[in-house]
Amino acid sequence: MILLRKLLFPFAILYGLITSLRNYLYDIGVFKSYSFDIPVIAVGNLSVGGTGKTPQIEYLIRLLSTTYKVATLSRGYKRKSKGFILANATSNADILGDEPFQYYSKFKDIIVAVDADRKNGIENLMRLKDKPEVILLDDAYQHRRVKAGFYILLTSYDDLYCDDFLLPTGNLRENKSRAKRANVIVVTKCSPTISNDEQLKIKERIGLNIPIYFSSIDYDSSVYNQNQSLEVLDINNKSKILLAGIAKPEPFFNYLRTKNDELLVFPDHHHFSESDILTLKNKAKDKIIITTEKDFVRLKTEILAEQLYYLPIKSKFVNQQAIFDKTILDYVGTSSRNR
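Residue 18 is where the sequence shown starts when you use the working numbering, and the numbers rise one by one after that.
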């Protein structure tokens, strides 16, 4: 695979020229970007998958939803619907996509919508009778048609964008120089004990005069199903099935895995077929199945409720959380007052 990626280097150069031309045409106004009279925060990355966008969006929901009416707007990756969809009691992961449905299932006081055309999505949200006061754009760093008021760029500690290269040789969606559009950068999936010296070295490698924060994944001490919870320590010695259909599932497995467990790995945003479900049931039998939250919302109607559990995660800042929170709250507050 590494050799193949190196052989595809000429295509990476071509891809870079195309994305650079597109960005340039937006920069000079040939392609029009649209701004809105509402605080809009875009969360995204330069690389493909696995940077922790979902826990970062959920962090912002928790931060903002006690004060403001929050809406999330996603494209609804791999959903089986088209156009603008507003989440309601009849929605599921097929209609919304797994991540938006997860937001809708967890946060009852927010608005959840999907639309591949973010401009159209925002316009529809602003027509609602109970319209939002702040909009979170999920995975929208490359969506130049909407000009967000605030950009949060995520990059994973073990795969920094500054060390990567363009697709298909590397994993970058656009040139690393486009990181300068960000208002802040969050280095995700760090060790909770990352030293100040290592943080400084990463900031120097990134080399931008932009506030850079460091966050880790905070795993829950329990797993949950629709009716009950189990302490992770209490199930360590039980044989179980661990299932993940996410990008970079290794930390999930490492947190839960013991020697008697069986691991099942599926592609990111995988739609589980009848054959997949049958195979899973045959493997599990009387074992419990533990999966990610994102996979749980797609599997919970297919597996016995008492057999299927999920492990919640949260984004947790290693330090400077109060400064990050104030930056976001100041942006939203100032933008709201200036409307």
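Virtual Cβ for every residue (Gly too), placed ideally from N, Cα, C.
Predicted model, so just to flag it, every value in this text is computed and none were measured.
Gln243, buried or exposed, once every other Cβ within 10 Å from all chains shown has been counted against 16: Residue environment for Gln243: exposed (fewer than 16 other C-beta atoms within 10 angstroms of its C-beta).
Given a cut-off of 8 angstroms, decide if Tyr326 and Ile309 are closer than it, judged by their beta-carbon atoms. A quick correction: the sequence has Thr, not Ile, at residue 309. Not a contact, by the Cβ cut-off of 8 angstroms.
Can you give me the Cβ contacts of Ala133 inside the same chain, cut-off strictly under 7 angstroms, excluding the 5 residues immediately before and after it? Within the same chain, Ala133 has close Cβ partners Arg92.
To the nearest angstrom, report how far apart Lys146 and Ile55 are at their CA atoms. For Lys146 and Ile55, the distance between alpha carbons rounds to 15 angstroms.
List the residues that DSSP assigns as beta-bridge partners of Asn62. Note: Asn62 is bridge-paired with Leu171 in the DSSP secondary-structure output.
Please report the residue range of the beta strand (DSSP E) in which Tyr326 lies. For Tyr326, the enclosing beta strand (DSSP E) begins and ends at Leu325 to Leu328.
Distance, Glu150 Cα to Tyr174 Cα: Each residue's Cα considered, the two are about 32 angstroms apart.
Could you pull the start and end residues of the beta strand (DSSP E) that Leu154 belongs to? Going by DSSP, Leu154 is part of the beta strand (DSSP E) stretching over Val151 to Asp155.
Arg198 versus Asn62, Gln73, Leu259 and Cys207, residue with shortest Cα-Cα distance: Of Asn62, Gln73, Leu259 and Cys207, the residue nearest in Cα terms is Asn62.
Stretch-stretch touch, CB-based, cutoff 8 angstroms, three pairs: the stretch 30-46 with the stretch 136-144: These segments do not touch.
Under three-state DSSP, which class holds Leu247? DSSP places Leu247 in the strand class (E or B) of the three-state scheme.
What is the residue span of the alpha helix (DSSP H) that Thr68 lies within? Secondary structure note for Thr68: it is in no alpha helix (DSSP H), with a DSSP letter that is neither H nor E.
Is Arg315 near Ala110, with beta carbons less than 8 angstroms apart? Taking 8 angstroms as the Cβ cut-off, Arg315 and Ala110 qualify as a contacting pair.
How should Thr172 be labelled, buried or exposed, when 16 other C-beta atoms within 10 angstroms of its C-beta is the threshold for buried? Looking at its Cβ environment, which holds 16 or more other Cβ atoms inside 10 Å, Thr172 is buried.
Would you call Tyr32 buried or exposed, if buried means 16 or more other Cβ atoms sit within 10 Å of its Cβ? With at least 16 other beta carbons inside 10 angstroms of its own, Tyr32 counts as buried.
Does the pairing of the stretch 90-106 with the stretch 186-198 give three or more beta-carbon distances under 8 angstroms? Contact fails: fewer than three Cβ-Cβ distances are below 8 angstroms.
In the DSSP output, what is Ala133 paired with across the bridge? The partner list for Ala133 (beta bridge, DSSP) is empty, contrary to what the question assumes.
Enclosing beta strand (DSSP E) for Tyr236 [first to last residue]: For Tyr236, the uninterrupted beta strand (DSSP E) run begins and ends at Ile229 to Tyr236, by DSSP.
Neighbourhood of Tyr238 by C-beta distance below 7 angstroms, restricted to the same chain and skipping five residues each side: Per the sequence shown, residue 238 should be read as Ser rather than Tyr. Exclusion of the five residues before and after Ser238 leaves Glu248 and Val249 as the residues of its chain whose Cβ lies within less than 7 angstroms of its Cβ.
Just how far apart, CA to CA, sit Ile306 and Val203? Those two C-alpha atoms are separated by around 32 angstroms.
Any chance the stretch 99-109 sits against the stretch 57-75, with 3 or more Cβ pairs inside 8 angstroms? Per the Cβ contact rule, the stretch 99-109 is not in contact with the stretch 57-75 (fewer than 3 Cβ pairs under 8 angstroms).
Beta-carbon proximity check, Thr89 vs Leu153, cutoff 8 angstroms: Between Thr89 and Leu153, the gap from beta carbon to beta carbon is short of 8 angstroms.
Nearest-angstrom Cα distance between Lys257 and Asp303? In a straight line, the C-alpha of Lys257 is about 9 angstroms away from that of Asp303.
Run through the DSSP bridge pairs and tell me what Glu279 is partnered with. Answer is Ile258, bridged to Glu279.
What first and last residue would you give for the alpha helix (DSSP H) that runs through Ser292? Where Ser292 is concerned, the enclosing alpha helix (DSSP H) stretches over Glu291 to Ala301.
When the Cα atoms are used, what is the spatial distance from Phe101 to Leu142? Those two C-alpha atoms are separated by around 9 angstroms.
Under 8 angstroms: do the stretch 228-235 and the stretch 331-349 share three or more Cβ pairs, one atom per stretch? Here the stretch 228-235 lies against the stretch 331-349, with 3 or more beta-carbon pairs under 8 angstroms apart.
How far does the alpha helix (DSSP H) with Leu34 in it extend, from its first residue to its last? Looking at the DSSP string, the run of the alpha helix (DSSP H) that includes Leu34 is Phe26 to Asp44.
Residue span of the beta strand (DSSP E) that contains Ala88, given as start and end: Counting along the chain, Ala88 sits inside the beta strand (DSSP E) bounded by residues Val87 to Ser91.
According to DSSP, is Asp111 part of a helix, a strand, or is it coil? Three-state result, Asp111: helix.
Could you give the distance in angstroms between the alpha-carbon of Val201 and the alpha-carbon of Phe341? Straight-line measurement puts the Cα of Phe341 at about 9 angstroms from the Cα of Val201.
Arg222 versus Asp181: straight-line alpha-carbon distance, rounded: C-alpha separation (whole angstroms): 12 angstroms.
Check the C-beta distance from Ile345 over to Leu77 and give it rounded, since I have them as a contact under 8 angstroms. Yes, Ile345 and Leu77 are in contact; Cβ-Cβ is about 7 angstroms, under 8 angstroms.
Supposed close pair Asp155, Glu116 - CB separation, criterion 8 angstroms: So it is a contact: roughly 7 angstroms between Cβ atoms.
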